[in-house]
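Participant: Numbered per numbering that gives the first Met the number 0, the sequence shown finishes at 79, counting up by one with no gaps.
Following this message is one structure expressed as structure tokens.
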Amino acid sequence: MRIFTRVIAILVALLLVVSTIVFILENQQMVSLVFFGWSSPQFYLAIPVIVALLAGMIIGPFLGWAVGMRKKRKLDRRSI
């Protein structure tokens with residue numbers, strides 16, 4: 000069973016890597032982002048999209064954890 004789960008994990012990781020490479024190769028347009036008047040240098044479109052994806056993957060679990068802790072505290076206060 001361990002071998003099966005390891006093979007599935009490797010296949011999922013490989014699929015993720017291949018799809019990321021295809022995404023980068025398909026988005027070769029140069030863009031410049033403007034944020035609150037600040038203009039970034041030009042770079043490939045795939046870069047800000049991947050950065051936003053990674054930021055969401057990092058920030059999302061922390062926000063979920065914070066909401067869960069808040070609900071847990073609220074329930075603890077009610078039980079007292």
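Even for Gly, the Cβ is constructed at its ideal location relative to N, Cα and C.
Here the structure is a predicted model, which means the values were calculated and not measured.
Ignore the nearest five residues each way along the sequence and tell me which others in L32's own chain have a CB closer than 8 Å to its CB.
Facilitator: On the sequence shown, position 33 is the one that residue 32 refers to. For L32, where only same-chain residues beyond five positions count, the Cβ hits under 8 Å are S38, S39 and P47.
Participant: Please report the distance separating the alpha-carbon of V21 from that of R72.
Facilitator: Stepping through the sequence shown from its first residue, residue 21 is reached at position 22. Stepping through the sequence shown from its first residue, residue 72 is reached at position 73. Near 45 Å, if we compare the C-alpha coordinates of R72 and V21.
Participant: Out of curiosity, what's the CA-to-CA distance linking R1 and V11?
Facilitator: Locating residue 1 in the sequence shown gives position 2, counting from the first residue. Locating residue 11 in the sequence shown gives position 12, counting from the first residue. R1 and V11: Cα-Cα distance of roughly 15 Å.
Participant: Would you report the Cα separation of Y43 and T19, rounded to the nearest angstrom?
Facilitator: Stepping through the sequence shown from its first residue, residue 43 is reached at position 44. Stepping through the sequence shown from its first residue, residue 19 is reached at position 20. Taking the straight line joining both Cα atoms gives about 14 Å.
Participant: Could you have a look at F42 and say whether DSSP puts it in helix, strand or coil?
Facilitator: Locating residue 42 in the sequence shown gives position 43, counting from the first residue. Correct three-state label for F42: strand.
Participant: Could you give the DSSP three-state label for F35: helix, strand or coil?
Facilitator: Translated into positions along the sequence shown, residue 35 becomes position 36. It is coil, neither helix nor strand.
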